[in-house]
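As structure tokens, the structure follows; a few thoughts come after it.
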Amino acid sequence: MLDIRHIRDLPDQVRSALRRRGESDAAEAVDRILDLDGSRRAAITEADELKARRNEVSRTIGELKRKGEGAEDLILEMRSVGERIAALDGRIREVEEEVERILLETPNIPLPEVQEGGEADAVEVHASGTPTTHPFPALPHWELGQSLGILDLERGARISGSGFPVLRGAGARLQRILVEWMMEIHREEHGYEELLVPHLVTRETLTGTGQLPKFANDSYRTEADDLWLIPTAEVPLTNLHGGELLSAEDLPIGYVTCTPCFRREAGAAGKDTRGLLRVHQFDKVELVRLERPERSREALEELVRHAGTILDRLGLAWRVARLAAGDLGIASAMTYDLEVWAPGVDRWLEVSSCSTCTDYQARRADLRFRPAPGEKPLYLHTLNGSALALPRLVVAILETFQEEDGTVRIPRVLRDRMGTDRISGPSLSRSAAG
RNA sequence: GGAGGGGUGGCAGAACGGCUAUUGCACCGGUCUUGAAAACCGGCGUCCGAAAGGACUUGUGGGUUCGAAUCCCACCCCCUCCGCCA
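Under this note's numbering, the residues of the first sequence are numbered 82 to 515, in order.
Take a look at the structure:
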């Protein structure tokens, strides 16, 4: 949520920033907000004056009663003043709700260094490793997965519908081991605290990070309790300290967790639907940071490094793109996407999205800290980044390390944990499955 | 799900429906001091206002009243016990 005072003080700056995001409607909303804000303040002034009068007279009535004197005329007058106050308060609340509605759908302001444009205008800012080209016809992961017996799309679809893959055998193990390995790196080397968090959250929580109210159709919701399945662990992690007042020594806070992510992706039907590229449920290791405002820009670079470390150690080719203003999520002020090369599908896959949301989510979720003893509380800055999203990471591993005979080498850093250096043949255990 | 207890400022903890939240600790500023501590004075939530000042604030939302932390209703959360349960 944007700061109403910022809009009030620098409306032109806000308008042009929103236009850079391609939000022409939002820019017009600025005028509407200013208009409402003006009438809100006028009504508050009027109501406050009446309340001051009521407080004063009520005090007088109390004194008169103590002295045993009558105060019928004053009580009568205050009765009508009370009615006028109630009417004004009602109007104030309506206006405030309207402003709130608009603000909740107004996106964050991009940082100055974010370039204009849309999806096609992302700028590559870093690259690592050489994209693999196999000397043989590279198979896409769904073919590898099927022939190796580690991916079962049909049965997943049977129990839940399309977009709910089943991993089995070595595929399931590979993913679990990847999670453990990534979590350890973030915990031990990057200093994040490991958390386990709820996968169902309230409407308010989802509003705190920005998914609601605008994108209700993208999430799954439980009917009976109005609890929502998280689309990313960013939601519970970022909201964790909502309503608290942290002290300066508490910051920075860095959290890492792994959760399933549930996405209806209603609008994306037909795009990237093969295999594991776009699914309704997938696991993701997520990093979230709460930072002092002056540290947040630097923290974003750290987040990218922390995610990139994983890709480097796996020996995958990857690159970083800075998204253009028009491609940012509602809460983000700046986003880097990390993409990994997948030779089987012959393209780059987004495996991480690292964003700084400046104080946008902090204002929605009420995340504050006291910069120094005696100073006023300030909204902190929130950042989040995947490190990394699993199904696509598994895709990149399968497709990058496939051999001509259809087997897949296990990345060196995972071999001890996997207990093997290769996935080969159907991994249905003959002894146990019989 | 049932019974009981409880939600007040950063924390602790008071307040017969009426002088509109006592106090302590912590913190900030000042006086004093070579410096600090102690002591003393002031401050220490949000909003409107250029300011003076005013309004709001006792989990949330309603109600009663001239006036509600206090009375009534609904809801939320925490604690204890019981039931159910991975």
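All residues carry an ideal CB built from backbone N, CA and C; glycine is no exception.
Would you kindly report the start and end of the unbroken alpha helix (DSSP H) that includes N320? E315 to N320
Which residues does DSSP list as the beta-bridge partners of Q483? V489
Quick check: the Cα distance between E104 and H271, rounded to an integer number of angstroms? 37 Å
To the nearest angstrom, how far is the alpha carbon of Y336 from that of R113? 38 Å
Those residues which DSSP pairs with S209 across a bridge: W399
Bounding residues of the beta strand (DSSP E) (the contiguous stretch that carries A470): Where A470 is concerned, the enclosing beta strand (DSSP E) stretches over H462 to A470.
Kindly list the residues whose CB is nearer than 6 Å to the CB of E205, restricted to its own chain and excluding five residues on each side of it in sequence; keep chain order. Within the same chain, E205 has close Cβ partners R400 and A402.
From E150, E179 and V360, residue whose alpha carbon lies closest to that of S243: Of the candidates E150, E179 and V360, the one whose C-alpha sits nearest the C-alpha of S243 is V360.
Measuring only the C-alpha atoms, how far is I231 from D90? 58 Å
From the DSSP output, which residues share a beta bridge with F245? Beta-bridge pairing links F245 to no other residue.
Residue(s) in a DSSP beta bridge with W309: BP columns for W309 point to V282 and R302.
Roughly how many whole angstroms lie between the Cα atoms of E153 and L131? 19 Å
According to DSSP, simplified to helix, strand and coil, what is Y273? Correct three-state label for Y273: coil.
Span of the beta strand (DSSP E) holding V426? Premise fails: V426 is in no beta strand (DSSP E) and is neither H nor E.
Tell me E367's beta-bridge partners as DSSP assigns them. T338 and S467
As assigned by DSSP and simplified to three states, the class of R503: strand
Could you check what DSSP says for M415 in three-state terms: helix, strand or coil? strand
G289 and R182 - do their beta-carbons sit closer together than 7 Å? Result no, Cβ atoms of R182 and G289 do not sit closer than 7 Å.
With burial defined as no fewer than 16 other Cβ atoms inside 10 Å of the residue's Cβ, what is the status of H222: buried or exposed? buried
Check: R182 C-beta below 6 Å from any heavy atom of the ligand FMN: Ligands are entirely absent from the displayed structure, and the ligand FMN is therefore not among its contents.
By DSSP's criteria, E109 is part of a beta bridge. Which residues make up the other side? According to DSSP, which records beta bridges pairwise, E109 is partnered with nothing at all.
Which word fits N189, buried or exposed, when buried means at least 16 other C-beta atoms lie within 10 angstroms of its C-beta? buried
Mind checking whether A314 and T338 have CB atoms under 7 Å apart? yes
Specify the secondary structure class of T126 as computed by DSSP and reduced to three states. helix
Is there contact between the segment 117-132 and the segment 170-182, where contact requires at least three CB pairs shorter than 8 Å? yes
Would D516 and R254 qualify as a contact pair, given that the criterion is a beta-carbon distance under 7 Å? Because the chain here runs from 82 to 515, residue 516 falls outside it and cannot be looked at.
Is C390 near T213, with beta carbons less than 7 Å apart? Cys is not the amino acid found at residue 390; the sequence shown has Thr there. No, the Cβ-Cβ distance between T390 and T213 is not below 7 Å.
What do you reckon, are the CB atoms on K295 and E178 nearer than 7 Å? no
Taking the beta strand (DSSP E) that L293 falls in, what are its first and last residues? Run containing L293: none; DSSP gives neither H nor E here.
Counting Cβ pairs closer than 8 Å, one from the segment 370-387 and one from the segment 157-167, do we hit at least three? no
Residue closest to M263, alpha-carbon to alpha-carbon, out of E164, I311, R102 and A470: Each of E164, I311, R102 and A470 was checked against the Cα of M263, and the nearest Cα belongs to A470.
Between the CA atoms of Q292 and V489 - distance to the nearest angstrom: 38 Å
Could you pull the DSSP bridge partners for L326 from this structure? R449
Quick one: residues in its chain with C-beta nearer than 7 Å to the C-beta of R376, no 5 flanking neighbours on either side, listed in chain order? P333
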